[in-house]
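Input: a single structure, listed below in structure tokens.
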Amino acid sequence: MAKELTKRSENYSQWYNDLVLKADLAENSAVRGCMVIKPYGYAIWEKIQAQLDKMFKDTGHSNAYFPLFIPKSYFSKEASHVEGFAKECAVVTHYRLKQDPNGPGVIVDEDAKLEEELIVRPTSETIIWDTYRNWIQSYRDLPLLINQWANVVRWEMRTRLFLRTAEFLWQEGHTAHATKEEAIEETIQMINVYAEFARDWMAMPVIIGSKTESERFAGALETYTIEALMQDGKALQSGTSHFLGQNFAKAFDVKFTNQEGKQDYVWATSWGVSTRLMGALIMAHADDNGLVLPPKLAPIQVVIVPIYKGKDEMDAIYQAGEKLRKEIAEAGFAVKFDHRDTHKPGFKFAEYELKGVPVRLALGPRDVASGNVELARRDTLEKKVYPQAGIVDVIRELLDEMQQNIYKKAEVFRDENTYQVDTWDEFKDIINNKGGFVMAHWDGTAETEDKIKNETKATVRCIPQNNPLEEGICVYSGKPSVQRVLFAKAY
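Position in the sequence shown (first residue = 1) + 1128 = the numbering used here.
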């Protein structure tokens, strides 16, 4: 199966598309720009979702659900927000179809035009803040810590599975606070939750930082981001958290009576990650043989593949394999005993390698006789024979080791492809010929930021968290700079 994948070195973009399709993660749908997430891909997303949901609840948040449709007028209430999303909105204008009087099929009923058009949510700030107006009257109602798991639509013409589709899945947190300080604390807390998840579960090192003014979320006063480096040297924004100030509270008149008995507007945040994390998981770790899944996010952590000839061997191996499966399952691991008789062992080996299953156990007649089993690990492709007795302890230690090893490999790659530059020629050479993260001085102006982007396609990914002040000269303009920022080409 790996032979059907384009090599990363030949065409990274095609390798990515091949892998998404061949590993049964997703496929393009009949609706242009939209994808079908297949069961195996959705199983990975469910693992991502379950852990993040736990982390949100551990930090005091509750889930709710808000409408898919948003009245068009709501987007006019916060000027920068509507400007940021206007070109991406899908608009519902009618509510009924009718038979075509001129032939077969249906047409839009021109008499069923909506009095006010509805926007298919690109994000939910407007509908949620209109709702919060009814939920918040007093400081006793605060903080309000709500998360929503949902789908959103942003009309994209150039799409790519998981990375950029017209419809995608995500979560969006929306919180309300009595003070500016509480809201800022929430914003920072949630970007750190995302960073912890990326590191500890996705095995993906990330850089935390704040966005420049031109890169902030529409309507935000501050946007924090986690940026990861993919194997082709491009950055991927993997999660964002926004301090919204009082902009949406004022736009939707969300006031509360504070402890002094005075009326004030609440302070807001929003934060989210999406199925784009699936793309990050692939591009950060996969190789020319297929997916390499961190064990914590693998839908199948261990697969047992029987090898036999004839019914006599099959019965003995099935019995031994089922015994192994039960022991591994009872230890809490996601295990599959693949005893399909429609596929040969070699096919199964290739299939599970392609799908990134961390541990593969091969069980043949000699293994049954000797009480051993052959174990192959996906991250290094190493094989070793172990006694069946005690295999659960081996698997437990090995999965922990693999999780750390996958992270370490990605971290070494990032560090080896992060450059500190001081000249424009060096900047252009690295961005155009090497790729990776570039730490360089910037004069802080949007004008310079735009010129760098236009000339190199590189953007300021973030101003890294706790980045020390360091006087220098802007790599492009030659004007004074107070600190280095992180540049890269990005998805």
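From the three backbone atoms N, C-alpha and C, an ideal C-beta is built for every residue, glycine too.
Self-check item: Among Y1547, W1570, Q1391, the one whose alpha carbon lies nearest that of F1559
Solution: A quick correction: the sequence has Ile, not Phe, at residue 1559. Comparing Cα-Cα distances from I1559 to each of Y1547, W1570, Q1391, the minimum goes to Y1547.
Exercise. Look up V1520 in the DSSP assignment and say whether it is helix, strand or coil.
Key: helix
Quiz item: Would P1596 be called buried (16 or more neighbouring beta carbons within 10 Å of its own) or exposed?
Solution: exposed
Quiz prompt | Enclosing beta strand (DSSP E) for Q1299 [first to last residue] | solution = In the DSSP annotation of this structure, the continuous segment of the beta strand (DSSP E) that includes Q1299 starts and ends at 1295 to 1305.
Quiz item: Distance, Cα to Cα, K1581 vs M1163?
Solution: 30 Å
Self-check item: Backbone secondary structure at M1332 - three-state DSSP
Solution: Residue state, collapsed to three classes: coil.
Practice problem: Identify every run of the alpha helix (DSSP H) within the stretch 1470 to 1506, keeping only runs that are complete inside it and at least 4 residues long; order them along the chain. | Solution: As far as the stretch 1470 to 1506 is concerned, its whole alpha helix (DSSP H) runs of at least 4 residues are 1473 to 1482, 1493 to 1498.
Quiz prompt | Backbone CA spacing between Y1202 and Y1393 [nearest angstrom] | solution = 18 Å
Quiz item: Skipping 5 residues on each side, what residues in its chain have a beta carbon closer than 7 Å to that of D1237?
Solution: Excluding positions up to five away in sequence, the list reads H1222, R1224, L1225, K1226.
Quiz item: What does DSSP give as the partner residues of K1511 in its beta bridges?
Solution: A1504
Exercise. Assign L1405 to one of two classes, buried (16 or more other C-beta atoms within 10 Å of its C-beta) or exposed (fewer than that).
Key: L1405 counts as buried, since no fewer than 16 other beta carbons sit within 10 angstroms of its beta carbon.
Quiz item: Shortest alpha-carbon distance to D1146 belongs to which of D1416, Y1267, L1425?
Solution: D1416
Quiz item: Is V1520 closer than 7 Å to I1428 when the C-beta atoms are compared?
Solution: no
Quiz prompt | Nonlocal neighbours in the same chain, by C-beta distance under 6 Å from V1522, ignoring five residues either side | solution = In chain order, Y1514 place their CB closer than 6 Å to the CB of V1522, counting only its own chain and leaving out the 5 sequence neighbours on each side.
Quiz item: Do you know how far the Cα of W1263 is from the Cα of P1434?
Solution: 58 Å
Quiz prompt | Whole-Å CB distance - A1568 paired with T1587, under 8 Å assumed | solution = Rounded, the Cβ-Cβ distance is 12 Å, inconsistent with contact.
Quiz item: To the nearest angstrom, how far is it from the Cα of G1499 to the Cα of A1517?
Solution: Each residue's alpha carbon lies about 8 Å from the other.
Exercise. Might you give, ordered along the chain, the residues of its own chain that have their beta carbon closer than 6 Å to the beta carbon of S1402, omitting 5 neighbours on each side?
Key: Around S1402: F1296, W1298.
Quiz prompt | Residues that DSSP places opposite M1358 in a beta bridge | solution = Answer is none; M1358 lacks a bridge partner.
Quiz item: Quick one: what does DSSP say T1573 is sitting in, helix, strand or coil?
Solution: coil
Exercise. Answer with buried or exposed for L1509, where buried requires no fewer than 16 other C-beta atoms within 10 angstroms of its C-beta.
Key: exposed
Practice problem: Return the first residue and the last residue of the alpha helix (DSSP H) that N1262 is part of. | Solution: 1253 to 1263
Quiz item: What residues in its chain sit with their C-beta under 6 Å from that of R1488, if we drop five residues either side in the sequence?
Solution: V1431, Y1480, A1504
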